[in-house]
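Under numbering that gives the first Met the number 0, the residues of the sequence shown are numbered 0 to 178, in order.
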Amino acid sequence: MKVERIVVGKLATNCYLFISGQESAIIDPGDEADKILTQVEKTKTKVKYIINTHSHFDHILASDELREKTGAAVLIHEEEKKLVNFKVDKFLKEKDKIKIGSAVLEVVHTPGHTPGGICLSGKEVIFTGDTIFKNGYGRTDLANGSFEKLKDSLKKLAGLLKPGITVYPGHGEPFKINK
Ligand SMILES: [Zn+2]
0 MKVERIVVGK LATNCYLFIS GQESAIIDPG DEADKILTQV EKTKTKVKYI
50 INTHSHFDHI LASDELREKT GAAVLIHEEE KKLVNFKVDK FLKEKDKIKI
100 GSAVLEVVHT PGHTPGGICL SGKEVIFTGD TIFKNGYGRT DLANGSFEKL
150 KDSLKKLAGL LKPGITVYPG HGEPFKINK
């Protein structure tokens, strides 16, 4: 299993390539499809999924173009349905398991920043979108945000942030949970 980070777009969004064996997933293709594709080609993997942690524009702008060019299936949580303006192949729900190569990412529904925000939890890794960052958590003052829901999501996440886990947020540096 390997993770590559590509910083894209006006808001410096982290797009990640999650690679296991011959397969990969693109997480949060925020913009700059060509830059993402160039990086994907270097991995010599087949892109199985494009996973959007939530529907904000700075996380999804390259989703349609990459879907077209890679043939990968686009996934997002079902509670983002009303907010989506790009093509989606499958809506996700809590505890869905996404298989990439021999690795599995489990869907953790973490509403608050948006209603259908998700984290993706794997062995020793978690992708947190705009729910948590190295020095804080996501805004809840945007449309459809809820601070009450975010508080519950942060509690839920606390149980998953075990020592040794590397956190890959939607913006800023990834970081490791220390002992
Ligand atoms: Zn966002």
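All C-beta atoms, glycine included, are put in the ideal place defined by N, C-alpha and C. Quick caveat, the model's predicted, so the values are computed rather than measured.
Could you check whether the Cβ of residue i sits closer than 8 Å to any Cβ belonging to chain D?
i: Thr37; result: Here chain D cannot be found, since the structure has a single protein chain.
For ligand 1, is there a heavy atom less than 7 Å away from the beta-carbon of residue i?
i: Gly137; result: yes
i: Asp129; result: yes
i: His58; result: yes
i: His55; result: yes
i: His108; result: no
i: His112; result: yes
DSSP three-state call for residue i: helix, strand or coil?
i: Lys81; result: helix
i: Val46; result: strand
i: Thr69; result: helix
i: Ser62; result: helix
i: Glu105; result: strand
i: Val87; result: coil
i: Ala32; result: helix
i: Thr113; result: coil
i: Lys175; result: strand
i: Thr165; result: strand
i: Ser145; result: coil
i: Leu160; result: coil
i: Leu153; result: helix
Contact defined as beta carbons within less than 8 Å: I believe residue i pairs with residue j. What is the distance between those atoms, to the nearest angstrom?
i: Glu79; j: Pro28; result: The pair is not a contact, with the Cβ atoms about 15 Å apart (cut-off 8 Å).
i: Val83; j: Ser54; result: 5 Å
i: Ile35; j: Ala61; result: 6 Å
i: Phe17; j: Ala11; result: About 20 Å; that fails the 8 Å criterion.
i: Thr179; j: Lys154; result: Because the chain is modelled from 0 through 178, residue 179 falls outside the range shown and cannot be assessed.
i: Tyr48; j: Ala71; result: 6 Å
Ligand 2 heavy atoms versus the CB of residue i: any closer than 7 Å?
i: Gly171; result: Summarising the ligand content, the structure contains ligand 1 and does not contain ligand 2.
Is it true that the segment 119–134 meets the segment 164–173, where meeting means three or more beta-carbon pairs spaced less than 8 Å apart? yes
Please confirm if the segment 147–166 is in contact with the segment 85–103, defined as three or more CB-CB distances below 8 Å between the two stretches. no
Within the chosen definition, does the segment 82–95 reach the segment 131–141 through at least 3 CB pairs nearer than 8 Å? no
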